[in-house]
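Okay, structure first, notes after.
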Amino acid sequence: MIVKKITPRGFCKGVYNAVDIVKKSLNDLTLPRPIYVLGFIVHNKAVVDELTELGAITLDDRLTSRLDLIKDITKGTVILSAHGTDEAVKEKVLSNGLTLIDATCNDVYKTHDSIKEHLEKGYNIVYIGKNNHPETNASLAISPKVILIETLEDLDRIILKEPIFVTNQTTFSINDIKPIHEKIEKLYKNVIITEEICNATRFRQNAIIEGNKDVDFCYIVGDPRSNNSKNLVKISIEVTKTPTKLIESVKDIDLTDLQGVKTVSVSSGASTPNKLTQEVIDFLTSLKN
Ligand code: SF4
């Protein structure tokens, strides 16, 4: 069996930076203890587990808001995750007397800046993203004038007020965003559309489209919570028509998936440690068929 390694894959610059910030903070003995991370620093359990072993305390509960997670904490340092955090949470961290460290990716802040700039100019904002994802929550929290659109069908249910400025979650699918843009353009006249999928996401998605030619099966290594990993799976299935599975590690490989497979491709999300992907590649390469 041929194992095709798709590149680029794995950690992006924003993830490297966020993980590095947590590690450096843990080593910085001048920072007040404990060191909390608000939300998964990046969406990968292996990364979070490693940082926990090093001493970080991740505060995460999908049913509890970030504001509620920190409301009773009055001692220590709080690191904000790479996905961005709403301003009210930052204010609460500071008013509780905690030390604030921000690991938000610059590409997420670019989107926030463009939202704020267009709100000041009087635009209503359409944010194309995934509901209840921390990056989306942080963007929606900027103003009630930021309206979430997740799917094409949402545009049939929601009537938007012009003028409209359209932006999006950085890890959205390049395949799904185009028809949403086209439909908005058809429905509304006074509209500015920007496409703010980050380069790390775009390059990984395009690499799947290019790399999956003549491939029988594809593995994406990533966490089920990782939006960019799930979108790699979606693109692989929908655009390249390749049977594809999201796996967290080599342990999730089901050999029955590989029956009759001559070429298998492997890629990984922007929050997946290279070690996990390499173990998958090594295992597949060792198979004799
Ligand atoms: S996927 Fe994009 S937005 Fe998210 S951390 Fe990486 S570079 Fe930043």
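Heads up, the sequence shown is in this note's numbering, so the first residue is -19 and it goes up one at a time.
The beta-carbon is built from N, C-alpha and C at its ideal position, and this holds for glycine as well.
query	result
With contact counted as at least three CB pairs below 8 Å, one residue from each stretch, are the region 39 to 47 and the region -3 to 10 in contact?	no
DSSP three-state label for N155, please.	helix
I need the DSSP call for T265, collapsed to helix, strand or coil.	helix
Under a three-way DSSP split, which group does S251 fall into?	coil
Going by the CB atoms, is the gap between L47 and V69 shorter than 9 Å?	yes
Below 9 Å between beta carbons: does that hold for H23 and D203?	yes
By the 10 Å Cβ neighbour count, where 16 or more other Cβ atoms means buried, how is D234 classified, buried or exposed?	exposed
Among L212, V219, V58 and F152, which has the Cα closest to the Cα of L78?	V58
Alpha carbon to alpha carbon, how far is I154 from N179?	11 Å
Which term fits S61, buried or exposed, when burial requires 16 or more other beta carbons within 10 angstroms of its beta carbon?	buried
Examine the ligand SF4 and report whether any of its heavy atoms sits within less than 8 Å of the Cβ of A118.	no
For the alpha helix (DSSP H) containing D82, name the first residue and the last one.	Counting along the chain, D82 falls outside any alpha helix (DSSP H), though it belongs to the beta strand (DSSP E) covering T79 to D82.
What does the alpha-carbon distance come out to for the pair Q185 and I172?	25 Å
Less than 8 Å between C-beta atoms, sequence neighbours within five positions excluded: which residues of the same chain meet that for E270?	Given a span of -19 to 269 for the chain in the structure shown, any question on residue 270 remains unanswerable.
If you measure from each residue's Cβ to the nearest non-hydrogen atom of the ligand SF4, which ones come out under 6 Å, in chain order?	C(-8), K(-7), G(-6), V(-5), A62, C85, D87, V88, T150, T151, C178, A180, T181, N208 and A250
Does the structure place the region 159 to 166 close enough to the region 181 to 197 that three or more beta carbon pairs sit under 8 Å?	no
Does DSSP put T271 in a helix, in a strand, or in coil?	With the chain covering -19 to 269 only, the question about residue 271 has no answer from this structure.
Helix, strand or coil for V146, going by three-state DSSP, please let me know.	strand
Which residues does DSSP list as the beta-bridge partners of C198?	T224 and S245
With a threshold of 6 Å on Cβ separation, who are the neighbours of P143 within its own chain once the five nearest residues in sequence on each side are excluded?	Y103 and N170
For T57, which beta-bridge partners are listed by DSSP?	I15 and T79
Give me the residue from L135, K231, Y(-4) and D82 with the minimum Cα distance to D262.	K231
Can you tell me where the beta strand (DSSP E) with I173 in it begins and where it stops?	V171 to I173
Among the residues of its own chain, which have a CB less than 6 Å from the CB of I21, if the five just before and after it don't count?	A(-2), V2 and S61
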